[in-house]
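According to the working numbering, the residues represented by the sequence shown are 563 to 1009, in order.
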Amino acid sequence: MTLKERLESLNAYPFHMPGHKRNFKLFKNQAFKLDFTEINGTDDLHHPTEILKERMELAAEIYGSKKTCYLINGSTCGLLAAVSACTKPGETLLMARNCHKSVYNAVFLRNLRPEYIYPPITSEGISGGISPGDVETALIKTGAKAFVMVSPTYEGIVSDIRAISGVCRKHGCVLIVDEAHGAHFGFYEGFPQSAVGLGADIVIQSLHKTLPSLTQTALLHICTDTADSAETERYLSIYQSSSPSYILLSSIDSCIEYMKNNEGKKAMESYFKLLTSFREKNRGQIMGREIIGSGNVFDADPSKIVIWGGRETAAALKAFDLEPEMENLFYTLVLTSIGDTREGFDRLSKAISGLPPKKTSPKFEKTFSSPLRLTPYEACLREGEELTLNESTGKISKTAAYIYPSGIPIINTGEEITPEAVSLIKQYKQKGFDVRGITDKINCIKS
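Structure follows, in structure tokens:
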């Protein structure tokens, strides 16, 4: 029995939360019918002993993990829990600079000292993968006991997780992989392998990003005995709501049930064929698999479509009533999934066909680093002052400045504001981008 079937079978009058009492007549909202709380028959996400325990064990079997936890606060709470479980306050956390902002929030909450590995920039201007050699060098230097990285990245770049996990194991370091954009890995051979089966200790996936599940739904996989399962679950109970939504839980469960059956397998095969056909037809305007091997790109997820050209390209797509996921100074990102249709791909092809040819040698910003002067926690305790961008150069930032999506900081809290960072922020602002964390001024540590 699936969770949805269990919820639909419960007919006792609800003298309990939630307040709508599953009264469909109130707002004619079908979602009310599945909106339960922890009562007899629904189990408890924070202490699963019955149907949720059974369904999460099934998810672990399907994905090949030792244990899988349902997440209803997104990959965000999974990353917060994983980092918290694997570190102690004041320790060093090794992390890829292109980590999601939730990892930066974990650094702040645990008062960690971040040490970064900066992905190389490919010739196309995209952050490449993480090198196993760079990981080893960083671990020898820092002695960090936990490393967090993103694979696949927003743009679909995949790192060599098997080799990286070997390096981490050699140095007694827990490997946490943010695979938020790779929940579909492993369901069809045309896509890369999941980090779950490649030696990572903890893997976090967002079902809602690439599979048919509601927003906020995700999974945390505990893959090895190196990861502290009990401690990870303890932090999940802190970062997740104490009143988990059964609408979201049943969405997770229905998604996994669909993907394990023939219906889901056929849908993935059909989707991959549509994706392959689209890529072949539009190879001149989009990033293809030729990027593999450049800028330390071990593999690439074909579901992420990078179209050359920034704001102008995005505007051209919107003129065809298409909404891209993200745009930056140099390219536009379109995310596809099992839910896409032939009609959608055809409309995208038509929009792309009207774009100007790709420029041969666009000038991309090179990777630069901003020196860490204080931990984010320490910086937040200091008195601040508002300065213009020009005045702020050389000061220590009390805020993080970033473009969202994807939320990767140009400057993070506690870092020195460099001329390179100021220049990049100005470029974004001149192009009309909203640089979050700052206005016309930036909050700096008072001298």
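By construction, the Cβ of each residue, glycine as well, lies at the ideal position given by its N, Cα and C atoms.
*asked:* Give me the residue from Ala745, Ser803, Glu982 and Pro576 with the minimum Cα distance to Gly626.
replied: Ala745
*Collapsed DSSP secondary structure at Arg845 in the structure displayed*: coil
_Can you tell me which residues form a DSSP beta bridge with Cys1006?_
Glu947 and Ser959
*Could you tell me the distance, in whole angstroms, from the CA atom of Glu751 to the CA atom of Asp740?*
21 Å
*Going by Cα to Cα distance, which pick from Leu572, Asp606, Tyr716 and Met657 is closest to Ser968?*
Tyr716
*Put Thr599 into one of helix, strand or coil per three-state DSSP.*
coil
*Given Glu940, which residues of its chain have a CB within under 7 Å of its CB, disregarding the five upstream and five downstream residues?*
Gly976
_Glu819 classed as buried or exposed, judged by whether at least 16 other C-beta atoms fall within 10 angstroms_ = buried
*Measure the CB-CB distance between Leu551 and Ala668 and report whether it falls below 8 Å.*
With the chain represented from 563 up to 1009, any question about residue 551 goes unanswered, as that position is not in the structure.
*So what does Thr980 bridge to, in DSSP terms?*
DSSP output for Thr980 lists no bridge partner at all.
*asked:* Could you tell me the alpha carbon to alpha carbon distance between Glu600 and Leu565, rounded to whole angstroms?
replied: A straight-line Cα-Cα distance of about 13 Å links Glu600 and Leu565.
_Under 8 Å between C-beta atoms of Lys615 and Cys785_ = It is not a contact, given that the beta carbons lie outside the stated cut-off.
*Do you know offhand how far Ala762's Cα is from His662's?*
18 Å
*So, helix, strand or coil for Ser791, using DSSP?*
helix
*If you draw a straight line from the C-alpha of Asp996 to the C-alpha of Ile987, how long is it?*
10 Å
*Assign His770 to one of two classes, buried (16 or more other C-beta atoms within 10 Å of its C-beta) or exposed (fewer than that).*
His770 should be labelled buried.
*Using DSSP with H/G/I as helix, E/B as strand and the rest coil, what is Ser954?*
helix
*Are Glu889 and Arg873 closer than 8 Å when you measure CB to CB?*
Result yes, Cβ atoms of Glu889 and Arg873 sit closer than 8 Å.
*Could you tell me whether the Cβ atoms of Thr779 and Ser865 are closer together than 8 Å?*
no
*Does the pairing of the region 955-965 with the region 645-660 give three or more beta-carbon distances under 8 Å?*
no
*Using the Cα positions of Ile1007 and Leu884, report the straight-line distance between them to the nearest angstrom.*
43 Å
*Please report the Cβ distance between Ile1004 and Thr961, rounded to the nearest whole angstrom; I am assuming they are in contact, meaning their Cβ atoms lie under 8 Å.*
7 Å
_What ranges does the beta strand (DSSP E) occupy inside the region 771-839, keeping only unbroken runs of at least 3 residues that lie completely in it?_
780-784
*Could you tell me the distance, in whole angstroms, from the CA atom of Cys735 to the CA atom of Glu623?*
25 Å
*Please classify Ser923: is it buried, with 16 or more other beta-carbons within 10 angstroms of its beta-carbon, or exposed?*
Legend: pLDDT at Ser923 = 46, less than 50; position of this residue unreliable, value from coordinates given subsequently. The C-beta of Ser923 has fewer than 16 other C-beta atoms within 10 Å across all chains shown, which makes the residue exposed.
*Check the DSSP bridge columns for Met563 and list the partner residues they point to.*
In DSSP, Met563 forms no bridge with anything.
_Nearest neighbour of Arg731, chosen from Ala708, Ala877, Pro981 and Pro714 [CA to CA]_ = Ala708
*asked:* Can you list, in chain order, the residues of its chain with a C-beta nearer than 6 Å to that of Leu879? Leave out the 5 residues immediately preceding and following it.
replied: Pro886 and Ala913
*Exposed or buried, Leu810, counting other C-beta atoms within 10 Å across all chains shown (16 or more means buried)?*
buried
*What's the C-alpha gap between Tyr666 and Pro682?*
20 Å
*asked:* Taking its Cβ as the centre, do 16 or more other Cβ atoms sit within 10 Å of Asp787, making it buried, or is it exposed?
replied: exposed
_Residues near Gly718 by beta carbon distance below 6 Å, same chain, minus five either side_ = For Gly718, where only same-chain residues beyond five positions count, the Cβ hits under 6 Å are Ala862, Asp863 and Lys866.
_Does His609 pass the burial test, meaning 16 or more other C-beta atoms within 10 Å, or should it be called exposed?_
Around the beta carbon of His609, fewer than 16 other beta carbons sit within 10 angstroms, so the residue counts as exposed.
*List the endpoints of the continuous beta strand (DSSP E) containing Pro971.*
Here the beta strand (DSSP E) through Pro971 covers Pro971 to Ile973.
*In three-state terms, what does DSSP make of Asp861?*
strand
_Distance, Ile965 Cα to Gly999 Cα_ = 9 Å
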